[in-house]
Every structure is written in structure tokens, then in C-alpha cells.
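For the protein sequence lines, the chains are A and B, in the order given.
All residue numbers for the first sequence refer to this note's numbering, where the first residue is 3 and numbers rise by one.
All residue numbers for the second sequence refer to this note's numbering, where the first residue is 89 and numbers rise by one.
For glycine and all other residues, C-beta sits at the position ideal for the given N, C-alpha and C.
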Amino acid sequence: MTEEQKLEQFQARIDAEEKIEPKDWMPEEYRKALIRQMSQHAHSEVIGMQPEGNWALRAPTLRAKKILLAKIQDEGGHGLYLYSATETLGIDRDTMIEQLHEGKAKYSSVFNYPTLNWADIGAIGWLVDGAAIVNQISLQRTSFGSYSRAMIRICKEESFHQRQGYEIMTTMMNGTPEQKEMAQDAMNRWWAPALMMFGPPDNDSAHSKQSLKWKIKRESNDVLRQRFIDKTIDQAHFIGLEIPDKNIRFNKETEHWETSPLDWNEFKQVINGNGPCNHQRLNHHIKYHNEGNWVREAALAFAENEMKLETTTN
Amino acid sequence: MNTKDAVYNFCLRMADNNLISGQRLTEWCSRGPILEEDLAMTNLALDLFGQAESFFDYAASLNGNVKSADDLAFLRSERQYYNNLLVEQPNGDFAVTMMKQFLFSAFQKLMYEALTESNDDTIKGISTKALKEAKYHFRHSSEWVIRLGKGTKESHERVQLAINELWRFTTDMFEMNATDEELISTGISANLETIYGKWNFVVGEILKEATLAIPDAAKIIKGGCNGMHTEHLGHILTEMQYLQRAYPGATW
Ligand SMILES: [Fe+2]
Ligand SMILES: [Fe+2]
């Protein structure tokens, strides 16, 4: 079969909504695009542990402490699960981490913003996990089988996170004036970064077209963003939070909320490493990865020794 | 001391040990040597916070002046905390943390084992449930102590250094006061001297397997159960209690 025929057959399978599995033939570009997207997703889960971990020692109640820690643990688990799913494409975790450290692999730019008060933990759960869910529900129908299954599994936990985040915001909006101020402050700072999580506008998105054709992505950035905006604005108003955008307007004809254009220049700056926490997040990951070298070496040496002992005694 | 006060004090000691130990483990969040171990440490911390909450809940139910478990966790000061000195020690490197966890969970496991026969039904219930977790914590940390002890030259040196540093705080776990006297005589808690004998044996076995030497250090630093701490506890509480102290009366 010629390369062209293989490609045609591949596209036919995609069009017929068949799932592609790791051992199936796939175009090199498809594999690369998936590795890029899935490893970025895995790194995002792991880097996302940092801004939330920033409050793990200061959670205000025992219950809040347990919920936050369990959430961070879930995110790390998502990272592990996604690393394994990505490994089925023929790249190992160490290489992915190397690419992250060298800046070749990215993670979601939303985690380059700081968590400055306790309500930020609410805002992250509600807005960041909320936006992630919209994206991930759509990705449950992605054409690559391992990725699709990962999304189905992960989404269940993400919706818990979203509810718990909204609960923190609700409690604070029902609380003291200082608590309300914290909640609104968090809302003001996280709204735009959360909307930017869906990526640049459709007419400006580098990888979108081919990704849609191969069904790596199922819906466009703008469609997903609008879905998130529509459900989130109502939730915000319900607990008395203002949207930090004076131009929001409900369009009765389209039945959608209209919002101001986002500052895509800022987005590009943050993606390119110039956000408020880019250096901090990456340096943190590199530092603790390197500090763990001797532990990983010890574990390896121990396992090898045990194996030798076993073979000599057998 | 009457029995009710003794049970209250004892529950605080148990809860404080769990809470402070969990707080220290939480410091590792996003800093583990490998993602799997990062999550494992969070897991231990979550278990410990759960155990702390159970003991705090029980303590709060015994004292009319205490509103909730959260008040006990977030509104008491250093001298009112009764945790053992070992658990408040800084994490150091991974070897120090795992050694600390090992020495503590060996104690916890034996303690909970004894408390499954407590005459106090609530303590008995909490301990029966917690024992399963403590057994896992002990297994996890002792496996790491052995792994590090027999791993590389560097890991062996680090973990030997860890025990040299921590050993001096271990007898504090077995110090007794009027609380213990009352609870031993009523069959609610165990004699810590008996536990100490078992602990020495269990810990000694693992250290031997890990090819580590037991330090020959004087062990006279004591006081946790009487609210006498090292300098570290104050800082742990400052951070942990920040929101509750800064916004009194707020609901979170
Ligand atoms: Fe996640
Ligand atoms: Fe999440």
C-alpha cells in the first residue's frame, strides 16, 4: 500500500468515528500532534499542583484542608495517567519531563498566575477546572482511544473539583465583607486567564484545522469558550459575583452572552514565558526533580541488587 | 485528674500528633522526588488529617467550652499543643522525612494496636479504623528506610545522618504524665513503657535490615505531652492558623 492509500484509509477510519489505537498505523504528524497535546495536558496537571499547593498548609478548616489536598492529589493522578497514555505513543516520561524543562513542551498558561488569597482556591476549582471540563468533555470523543478513555475517567473527578470550588466561592460570598472582597478579587484576576485556557481565537489558531480534521480536537476554541462563558456568567451572578467585564450583554436572539475581546497580547506573552509565575513554576519543577535524583538512583540501585540476589539464590 | 479530663487531654495528644505530622508531609506537595511518591506522601497526610479530625471531634464533645474540632486545631497556641517533638521536626531531605515517618508510624501502629482493646468505645473505634492506615504507613516508610539504607552510598549516608539527627527526639514519644496514669488505671490507654519495649524491637529489626547503626545519643529532650516544644512548632502553627487568626469568627 502506498503512503497515500494508507493516509486515505486512516482518514476514512477517523471519519467513521473509529478509535485509533497505539498499535494501529498512523501518520507521523498525527502521532506528533497527539504527543504534543497529551504531554502538554499531563504537564498542566502536574504544574497545576503548585498554585494550589501554595495554600495547602494554610487551608482554614480541617475539612478544607482535606478537600484541597485530595484535589491536588487527583490532579497529580491525572498527570500520571496521562503520562502513561502518552507513553503508548512511543515516548517515555523522562523524555517528556526533559522537554518540559527545556521549554520544548508547554503546560496550560493559566498556571502562570499566582494564588494570592484563599478565594483563589475556590476560583481555580470553579473556573479553571470548570473550563477544563468543557474542553475535556469535548475530548471524550477524540479519535485516539487512550486519550479518549483518559478523558472519560478524568472528567468525573474534575466535576467534583468544580463543585467544590464553587462551594468555596459561595461560602465566601455569604461571609464577612473581607471574605466577599477576597472572592471578588479572585474572580477579577482569574476570569480572563480562564477564558484564555481555550486557546487563541479560531482565525488565529496554529494547529486547529488539522486537529479538527483528525478529530484530535472535536470543537473549535471559540465554540468551547462560548459554552463556558454562558454557563459561568449565570453561576457568578447567582452568588452575587460581578464579571470583571463592563461590556457583557445577553443577546436574546443568539441566546449567548457577549463579552469583550480578550487581551491576546498578554496571552502570547505568558505562553512565551513572560507571565507572572512562569519562571517560578518551571524552576520549582526543575529544582525538585533534580533534588530527587539521588532518591530515584537509590531506588533503582536497590531494585537491581534485589534482582541479582534473587537470581543467585534461585 | 478525673477520667474525662484525661481522655480529653489524651485525644488532643493523639490528634496533635496526626495533625502536625500531616502538616509536615503536606510540605512535600509538588516537591516529591518522583510523582508517585509525591502522591503517596499526600495520601499519608490525608489519612493523618482524618485521624486528627476523629480525635478532635471526640475531644470537642467532651468539653463544653469547645465548639468544634476546628477550634481545637486552629485556635490553640504552642503551649496547648501536646504532640511529640519528633513530628514537628523539619522535613530535611527525603531521607529525614521518611525516617521521621518510620519512627513515628512504628509508634502509632503499636499504639493503635493497644488501643483496639481500650475500655473507651470511641477511642477503640477510632483506633481500630486508624490501625489499618498506620500499618500501611509503617510498611511504606520502612520499605523506604531499607531501600535508602541499601541503595547507593549517598542514600545510605543520608539516611544514617537522618537517624543520627532524629534519634534524640524518640524517647519523648514514650514520656507519661498524669493523663497516662489515669488512663492506664482505667484501662483506656496503654502503658507507654510497654510500648517502648516493643517499639525498640520493631525499629531495631528494620534498621538492621537497612544496614543502619543505631545512634548512641543521649535521649533527654522531652516535653511534648506537657506542651513543651522545640522552636519549630510555633512556625507550623503560625502558617496553619493564619486565616482563622486573621479573620476571627469568619466561616470558611
Ligand atoms: Fe485534572
Ligand atoms: Fe481538577
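With a beta-carbon spacing of about 5 angstroms, A/I37 and A/L91 fall inside the 8 angstroms limit used to define contacts. For A/E260, the enclosing beta strand (DSSP E) covers residues 258–260. By the Cβ neighbour-count rule, B/S118 is buried, with 16 or more other Cβ atoms within 10 Å of its own. Shown here for A/P246: same chain residues with a beta carbon closer than 6 angstroms to its own, the five before and five after excluded, namely N190, W193 in chain order. Of the candidates B/N252, B/H225, B/E269, the residue whose Cα lies closest to the Cα of B/Y200 is B/H225.
Here the alpha carbons of A/S213 and A/E160 stand approximately 24 angstroms from one another. Between the region 247–264 of chain A and the region 146–153 of chain B there are fewer than three C-beta pairs closer than 8 angstroms, too few to call the two in contact.
By the neighbour-count criterion, in which 16 or more other beta carbons inside 10 Å mark a residue as buried, A/W296 falls on the buried side. B/I283 is positioned such that its CB atom lies no closer than 8 angstroms to that of B/G292.
Between A/C279 and the set A/I49, A/V136, A/E255, A/E306, the nearest pair of CA atoms involves A/I49. Distance from the CA of A/I69 to the CA of A/Q11, rounded to the nearest whole angstrom, comes to 48 angstroms. Listed by position in the chain, the residues whose beta carbon lies within less than 5 angstroms of some heavy atom of ligand 2 are A/D131, A/E160, A/H163.
Neighbours of B/D104 across chain A, judged by C-beta separation under 8 angstroms, do not exist; the nearest C-beta is about 13 angstroms away.
Bounds of the alpha helix (DSSP H) holding A/R227 are 223–240. A/F252 has A/W259 as its beta-bridge partners, per DSSP.
Assigned with DSSP and collapsed to three states, A/F200 falls in coil, not helix or strand. Within the region 66–125 of chain A, the alpha helix (DSSP H) runs of at least 4 residues that lie entirely inside it are, in chain order, 95–103, 121–125.
Interface residue (Cβ-Cβ distance to chain B less than 8 angstroms): A/P62 is classified as such. One Cα belongs to B/T210, the other to B/F143, and the distance between them is close to 9 angstroms. Sequence-distant Cβ neighbours of A/L141 in its own chain, meaning closer than 8 angstroms and more than five residues away, are Y149, S150, M153, K219, R220. Of the candidates B/E253, B/D93, B/L300, the residue whose Cα lies closest to the Cα of B/T185 is B/E253. Residue burial is scored here from C-beta neighbours: B/D135 has at least 16 other C-beta atoms within 10 angstroms and is therefore classed as buried. About 5 angstroms separates the Cβ atoms of A/P195 and A/V112, confirming a contact at the 8 angstroms cut-off. With a threshold of 16 other beta carbon atoms within 10 Å, A/D232 falls short and is exposed. Excluding its 5 nearest sequence neighbours in each direction, A/G147 has C-beta neighbours in its own chain below 7 angstroms: K21, I22, E23, listed in chain order. Excluding the 5 residues flanking it on each side, A/Q42 has same chain C-beta neighbours closer than 8 angstroms at A107, K108, Y109, S110, in chain order. Interface residue (Cβ-Cβ distance to chain A less than 8 angstroms): B/E242 is classified as such. Taking the CA atoms as reference points, A/W128 sits about 46 angstroms from A/E6.
Of the residues A/R227, A/H281, A/K270, A/N274, the one whose Cα lies closest to the Cα of A/E260 is A/R227.
A Cβ-Cβ distance of about 26 angstroms is found for the pair B/S193 and B/A148, leaving them out of contact under the 8 angstroms criterion.
Between B/A183 and B/A250, the C-beta spacing is below 8 angstroms.
For the region 102–176 of chain B, there is no continuous beta strand (DSSP E) assignment of 3+ residues that stays within its boundaries. Between the alpha carbons of A/I139 and A/K310 lies a distance of about 47 angstroms.
In this structure, A/G124 keeps its C-beta atom at 8 angstroms or more from the C-beta atom of A/Q164. Counting only the Cα atoms, B/L132 lies some 7 angstroms from B/G110.
In this chain, the alpha helix (DSSP H) harbouring A/S213 covers 210–215.
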